[in-house]
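Take a look at the structure set out below.
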Amino acid sequence: MSERITRDEVAKVAELARLSLNPQELEEFTSQLGAVLETAAQLERLDLDGVEPMSQPHPQNNVWREDEIRPSLDRNEVLSMAPSASEDRFQVPPALGESQ
Amino acid sequence: MNPTPTSITDIAEVTKLPSAAKIAADVRSGARSAVDHLKQVRANIAAADEHVHAYLHLLDERADKQAQAVDQAVAAGEDPGPLAGVPVALKDNMCVRSEPTTCSSKILEGWRPPYDATVVQRLESAGAVLVGKTNLDEFAMGSSTENSAFGPTRNPLDLQCVPGGSSGGSAAAVSAGFAALSLGSDTGGSIRQPAALCGLVGVKPSYGAVSRYGLIAFASSLDQIGPFAHTVQDAALCFEAISGHDKADATSLPNQLESSVAAVTQGVEGKRIGVIEELSGEGIDADVLECFHASIKALEDAGAIVERVSIPAAIYGLGAYYVVAPAEASSNLARFDGVRYGNRVDGANVMEMNTNTRTAGFGPEVKRRIMLGTYALSAGYYDAYYGKAQRTRTLIAQEFDAAYERFDLLMSPTTPSTAFKFGAKTDPMALYMCDVCTIPSNLSGHPAISVPFGVGEDGLPVGVQFLAPMLQDARMFSAAAVLEDHNPNSPAMFDGDTK
Chain A
760 MSERITRDEV AKVAELARLS LNPQELEEFT SQLGAVLETA AQLERLDLDG
810 VEPMSQPHPQ NNVWREDEIR PSLDRNEVLS MAPSASEDRF QVPPALGESQ
Chain B
327 MNPTPTSITD IAEVTKLPSA AKIAADVRSG ARSAVDHLKQ VRANIAAADE
377 HVHAYLHLLD ERADKQAQAV DQAVAAGEDP GPLAGVPVAL KDNMCVRSEP
427 TTCSSKILEG WRPPYDATVV QRLESAGAVL VGKTNLDEFA MGSSTENSAF
477 GPTRNPLDLQ CVPGGSSGGS AAAVSAGFAA LSLGSDTGGS IRQPAALCGL
527 VGVKPSYGAV SRYGLIAFAS SLDQIGPFAH TVQDAALCFE AISGHDKADA
577 TSLPNQLESS VAAVTQGVEG KRIGVIEELS GEGIDADVLE CFHASIKALE
627 DAGAIVERVS IPAAIYGLGA YYVVAPAEAS SNLARFDGVR YGNRVDGANV
677 MEMNTNTRTA GFGPEVKRRI MLGTYALSAG YYDAYYGKAQ RTRTLIAQEF
727 DAAYERFDLL MSPTTPSTAF KFGAKTDPMA LYMCDVCTIP SNLSGHPAIS
777 VPFGVGEDGL PVGVQFLAPM LQDARMFSAA AVLEDHNPNS PAMFDGDTK
């Protein structure tokens, strides 16, 4: 339908977003994302030359507060909610090697 | 008893609730206890939530403790606060310490936050009793609550219809008499649209007026927390209780807003109100427009000067929103990686574990938006999509500001249609169109309110939206209260005057 995004691009984006898609999902998402991007492409009709981009509604730069000592979150409570923890740390599978 | 009710009013055991203002007054005076009010909403929930599915989780112990503490304070001659004993429901994307907080996603099933959201602290210190956590579209992405991983919520006014979304559970809870007030979050219309579909008042405050500390982020430059209520006055009471600067949220503003509660009775005599042409004609159902035109007449009768105004960039809001919101969501939701909280699906290495966890944990709409956002932010497309969308936001804000040089308020219908049937909008783009009228004020950050006015051909409520200049939230409560006074219909599960 739409040429806005190809199946290969959707597959690449899914990999970057750490999502795995089956062939049917890949097909569906390609056409659905294409339709949304088609709507987004309507912005091309606007004359946006010289219009500043808005990243959020209030032009705040840096927001300062006093550097006060106060209690942080309870470490045990936080770690008790982690899928895996050991010796006061979050635990994950190996990051390097042992893959495949 | 009817075994298959078609609406909440068919369930005889459900009793109507007084306004939050009345509840607080009765609790403070000792006329009726907080414990007794809590008992009433619990009885309603027990009788009917199996048909509605507004709640995901009830806060039994915490609510009991708070209601008892409020009653003890009253007995001791203390004032528990402006929301004394008022039963309130919370959208399940706001953190309550040690209680389930799921965002209606499998990825957070079983997680219990180690802290309270600022709005939770503020509600409780105003005397409110938090009844439970309500259903939503997964991570607040949707307009029908059909995207919840735990099943949809039904519209209490017609159980065959959606309640709107994403804060559908919070809207349904108040509409069904399961709470006197509730909080939702509004990123593109997620409070105003379900408020319209469930016949309630819904408020999207100015960006920065309410702290988001403890609200699980969807799109940080758009998200705002706000109330659902049966009456404009109740909505104002709740808004005042939760708003104000918070050191824990650097985007919350230090500005002192004018009193919304005081504004409720101020009327619209001599006020200039602009009808946004682009959002009040094409694409809006005829029955909705009929109610909308009647609302204009009611405002004019009350002394307002209503004229048409053009905001040409408003119709580009949808296109800009579906770049900005997914872009921010794709970064915000990167934190759900199976490391610190929520579910994990194992893998041979970290990356495989991340991918397995996210693939199993997120539903299709969340995946769609994460991918859309990742794509829009990727090298080569950033300027074409994200850059243009950011510039469109500026254009919309400038056009609004120009209109406010001539007008005190702007208005439009809240939604293009009344509540629709389950499964009626399966194409994502068709569902996104539900938010065409509400999205522009999220992009600009301006405040907006939806108030019920009349019913459509199906007998279901129609919402009228008022928009106000930045931080002038109080103004829109005055206009909403005028329409409330002239609304030919009254809320189903509400007992009393709207004042």
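Keeping their order, the protein sequence lines are chains A and B.
The numbering used here puts the first residue of the first sequence at 760, with every later residue one more than the last.
The numbering used here puts the first residue of the second sequence at 327, with every later residue one more than the last.
Glycine included, each C-beta is placed from N, C-alpha and C at the ideal position.
Report all residues from its chain with a CB closer than 8 Å to the CB of Ala502 of chain B; omit the five preceding and five following residues, and keep chain order.
Translated into the one-based positions of the second sequence, residue 502 of chain B becomes position 176. Leaving aside the five residues that flank Ala502 of chain B on each side, the residues in its chain whose CB is nearer than 8 Å to its CB run, in chain order, Ile334, Val340, Asn370, Ala374, Asp375, Val378, Ala380, Pro482, Met819.
Could you check how far apart the C-beta atoms of Ser585 of chain B and Ala372 of chain B are, in whole angstroms? I think they sit under 8 Å.
For the purposes of this step, residue 585 of chain B is taken as the residue at position 259 of the second sequence. For the purposes of this step, residue 372 of chain B is taken as the residue at position 46 of the second sequence. Contact between Ser585 of chain B and Ala372 of chain B fails: their C-beta atoms lie close to 37 Å from each other, not under 8 Å.
Alpha-carbon spacing of Ala624 of chain B relative to Leu735 of chain B, whole angstroms:
For this step, residue 624 of chain B is matched to residue 298 along the second sequence. For this step, residue 735 of chain B is matched to residue 409 along the second sequence. A straight-line Cα-Cα distance of about 15 Å links Ala624 of chain B and Leu735 of chain B.
Using DSSP with H/G/I as helix, E/B as strand and the rest coil, what is Gly552 of chain B?
Counting from 1 along the second sequence, the entry for residue 552 of chain B is found at position 226. Correct three-state label for Gly552 of chain B: strand.
Given a threshold of 16 other Cβ atoms within 10 Å of its Cβ, counted over all protein chains shown, does Tyr758 of chain B qualify as buried or as exposed?
As a working mapping, residue 758 of chain B is identified with position 432 in the second sequence. By the neighbour-count rule (16 or more Cβ atoms within 10 Å), Tyr758 of chain B is buried.
Could you tell me whether the Cβ of Gln716 of chain B comes closer than 8 Å to any Cβ of chain A?
In the second sequence, counting from the first residue as 1, residue 716 of chain B sits at position 390. In terms of beta-carbon proximity, Gln716 of chain B lines the interface with chain A, with at least one pair separated by less than 8 Å.
When the Cβ atoms of the region 537–550 of chain B are set against those of the region 654–668 of chain B, are three or more pairs found closer than 8 Å?
Counting Cβ pairs under 8 Å, three or more are found: they touch.
Assign Val822 of chain A to buried or exposed, taking buried as 16 or more other Cβ atoms, counted over all protein chains shown, within 10 Å of its Cβ.
In the first sequence, counting from the first residue as 1, residue 822 of chain A sits at position 63. Around the CB of Val822 of chain A, fewer than 16 other CB atoms lie within 10 Å, so the residue is classed as exposed.
Give me, in chain order, the residues of the same chain whose beta-carbon lies closer than 8 Å to that of Glu786 of chain A; leave out the 5 immediate sequence neighbours on both sides.
Within the first sequence, the letter at position 27 stands for residue 786 of chain A. Correct list, in chain order: Arg766.
Cβ-based neighbour list, Tyr711 of chain B, same chain, cut-off 6 Å, excluding 5 preceding and 5 following:
The residue given as residue 711 of chain B occupies position 385 in the second sequence. Excluding positions up to five away in sequence, the list reads Val649, Ala702.
Since Asp672 of chain B meets chain A, which of its residues come closer than 8 Å, beta carbon to beta carbon?
Reading the second sequence from its first residue, position 346 is the one you call residue 672 of chain B. Among the residues of chain A, those whose CB is under 8 Å from the CB of Asp672 of chain B are Pro852, following chain order.
Hey, would you say Arg518 of chain B sits closer than 8 Å to Ser776 of chain B, going by beta carbons?
The count along the second sequence starts at 1 and reaches residue 518 of chain B at position 192. The count along the second sequence starts at 1 and reaches residue 776 of chain B at position 450. A contact, by the Cβ cut-off of 8 Å.
May I ask you to report which of helix, strand or coil DSSP gives Tyr381 of chain B?
Counting from one through the second sequence, the residue named residue 381 of chain B turns up at place 55. The answer is strand: DSSP assigns Tyr381 of chain B an E or B state.
Use the C-beta contact count for Asp753 of chain B: other C-beta atoms within 10 angstroms, 16 or more gives buried, fewer gives exposed.
The count along the second sequence starts at 1 and reaches residue 753 of chain B at position 427. Exposed, since its Cβ has fewer than 16 Cβ neighbours within 10 Å.
Going by other Cβ atoms of all chains shown within 10 Å of its Cβ, with 16 needed for buried, is Glu803 of chain A buried or exposed?
Your numbering for residue 803 of chain A matches position 44 in the first sequence. So Glu803 of chain A ends up on the exposed side.
Quick one: grab the DSSP three-state call for Thr744 of chain B.
For the purposes of this step, residue 744 of chain B is taken as the residue at position 418 of the second sequence. Thr744 of chain B falls in the coil class under three-state DSSP.
Give a yes or no on whether the minimum CB-CB distance between Ala624 of chain B and chain A is below 8 Å.
Translated into positions along the second sequence, residue 624 of chain B becomes position 298. No, Ala624 of chain B does not count as interfacial toward chain A.
Run the CB neighbour count on Thr427 of chain B, radius 10 Å, all protein chains shown included, and call it buried at 16 or more, exposed below.
Counting from one through the second sequence, the residue named residue 427 of chain B turns up at place 101. Buried, since its Cβ has 16 or more Cβ neighbours within 10 Å.
What are the residues that DSSP puts in a beta bridge with Lys530 of chain B?
Position 204 of the second sequence holds residue 530 of chain B. For Lys530 of chain B, which the question treats as bridged, DSSP gives the partners B:Ala774.
Limits of the beta strand (DSSP E) - the one that Arg717 of chain B falls within
The residue given as residue 717 of chain B occupies position 391 in the second sequence. It is not in any beta strand (DSSP E) - Arg717 of chain B instead sits in the alpha helix (DSSP H) that spans 714–729.
Spatial neighbours of Pro531 of chain B within its chain, please: CB distance less than 8 Å, with the 5 preceding and 5 following residues excluded, ordered by chain position.
Here residue 531 of chain B is taken as the residue at index 205 of the second sequence, counted from 1. Here the set comprises Gln550, Ile551, Gly552, Phe565, Ser569, Pro773, Asp799.
If you compare alpha carbons, which of B:Met737, B:Thr591, B:Pro439, B:Asp575 is closest to Val632 of chain B?
Position 306 of the second sequence holds residue 632 of chain B. In terms of CA proximity to Val632 of chain B, B:Met737 leads the group B:Met737, B:Thr591, B:Pro439, B:Asp575.
Are the C-beta atoms of Asp833 of chain A and some chain B residue less than 8 Å apart?
By one-based count along the first sequence, residue 833 of chain A stands at place 74. At a cut-off of 8 Å between C-beta atoms, Asp833 of chain A counts as an interface residue with respect to chain B.
Got a sec: is the Cβ-Cβ distance from Thr681 of chain B to anything in chain A below 8 Å?
Position 355 of the second sequence, counting from 1, holds the residue named residue 681 of chain B. At least one chain A Cβ lies under 8 Å of Thr681 of chain B.
For chain A, check one thing: does any of its Cβ atoms lie closer than 8 Å to the Cβ of Pro440 of chain B?
In the second sequence, residue 440 of chain B corresponds to position 114, counting from 1. Interface residue, yes.
Rounded to the nearest angstrom, how far is the Cβ of Val808 of chain B from that of Val635 of chain B, given a contact under 8 Å?
Numbered from 1 along the second sequence, position 482 holds the residue referred to as residue 808 of chain B. Numbered from 1 along the second sequence, position 309 holds the residue referred to as residue 635 of chain B. Between Val635 of chain B and Val808 of chain B the Cβ distance is about 19 Å, and since that is not below 8 Å, they are no contact.
Out of B:Asp663, B:Arg694, B:Ile696, state which residue places its alpha-carbon closest to the alpha-carbon of Thr681 of chain B.
Along the second sequence, one-based indexing puts residue 681 of chain B at 355. Among B:Asp663, B:Arg694, B:Ile696, the Cα nearest to that of Thr681 of chain B belongs to B:Asp663.
Taking C-beta pairs closer than 8 Å, name the residues in chain A that Asn827 of chain B reaches, listed in chain order.
Outside the displayed span of chain B (327 to 825) sits residue 827 of chain B, for which this structure offers no information.
Would you decide whether Ala497 of chain B is buried or exposed? Buried here means 16 or more other CB atoms lie within 10 Å of its CB.
As a position in the second sequence, residue 497 of chain B is number 171, starting the count at 1. Classification for Ala497 of chain B: buried.
Take Val587 of chain B as the anchor and find which of B:Asp627, B:Asp512, B:Pro408, B:Ala466 has the nearest alpha-carbon.
Locating residue 587 of chain B in the second sequence gives position 261, counting from the first residue. Checking every option, the nearest Cα to that of Val587 of chain B belongs to B:Pro408.
Only counting the same chain, and skipping five residues up and downstream in sequence, which positions put a Cβ closer than 6 Å to that of Ala522 of chain B?
Sequence index remark: in the second sequence, residue 522 of chain B carries index 196 (1-based). Spatial neighbours of Ala522 of chain B in its own chain (CB-CB distance under 6 Å, excluding positions within 5 residues in sequence) are listed in chain order as Thr740, Thr741, Ser776, Gly789.
Closer than 7 Å: Gly407 of chain B CB and nearest the ligand HEM heavy atom:
The model depicted lacks the ligand HEM and carries no ligand whatsoever.
Which term fits Tyr647 of chain B, buried or exposed, when burial requires 16 or more other beta carbons within 10 angstroms of its beta carbon?
Within the second sequence, residue 647 of chain B is the residue found at index 321, counting from 1. Counting the other Cβ atoms within 10 Å of the Cβ of Tyr647 of chain B gives 16 or more, which makes it buried.
Helix, strand or coil for Ile433 of chain B? Go by DSSP, reduced to three states.
To locate residue 433 of chain B, count along the second sequence from 1; it is residue 107. In this structure, DSSP gives Ile433 of chain B a helical state, which the three-state scheme calls helix.
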